[in-house]
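When we follow this note's numbering, the leftmost residue of the sequence shown carries the number 51, and every step to the right adds one. Idealized CB from N, CA, C, for every residue including glycine. Worksheet: the structure to be examined is printed underneath.
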Amino acid sequence: MAVARLEVIEGDVTRLEVDAIANAANTELKHGGGVAAAISRAGGPEVQRESDERAPIGLGEAVETTAGDMPARYVIHAATMELGGPTSAEIIERATESMLRCAERLGCRSVALVAFGTGVGAFPLAEAAQLMTGVARAHGGGLERIVFCVHGSDARRAFESAIAEG
């Protein structure tokens, strides 16, 4: 089984041409702030409507919706926190693995993940990068390309360093 190519891109996850993009969601799948709100706006009302139909989900679990008006086919919502609550290393690892497994089940070959838990969840960026890239490296299966789509040079450097250290 081939290992997926890991990449870091500084940019807007809603514009990436990949099979699926990840959303760091809350367990209620209410996309009210941060990247979740941007994904919901870019995808159109069907993203939140489908999310409402699938909610709630457990911490660390992932479910898919349409990507609506975005280039990707799917948004995979991975629950990294309860609504307004904190996150943890264990939850970030489980959410990353759940997202990748969901993408495999959907037949995806390329995915883009955002920095789980580092916005509203206030989790340390460098630690999230280590956790997420570690899970991505260890994940087997048919994914060919795993992109970490981040905002800002600090996030880009954290994920590039985590990949280089692997």
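Within 8 Å, strictly: CB atoms of residue i and residue j
i: G108; j: V170; result: no
i: E177; j: A153; result: no
i: R151; j: A70; result: no
i: A214; j: L56; result: no
i: V200; j: V53; result: no
Of the listed residues the options, nearest to residue i (C-alpha basis)
i: L133; options: E78, R187 and I196; result: E78
i: S160; options: M149, A92 and Q98; result: M149
i: H81; options: E67, V58, H127 and G61; result: H127
i: C158; options: G202, A208, V125 and A214; result: V125
i: P136; options: E60, G167 and V68; result: G167
Endpoints, the alpha helix (DSSP H) within which residue i is located
i: L133; result: From DSSP, L133 is part of no alpha helix (DSSP H); its letter is neither H nor E.
Coarse secondary structure for residue i, derived from DSSP in three states
i: I196; result: strand
i: I213; result: helix
Beta strand (DSSP E) segment containing residue i, residue limits
i: A74; result: A70 to N76
i: V58; result: R55 to E60
Counting Cβ pairs closer than 8 Å, one from the segment 142-155 and one from the segment 98-115, do we hit at least three? yes
For the segment 98-106 against the segment 180-198, are there 3 or more C-beta pairs whose distance is under 8 Å? no
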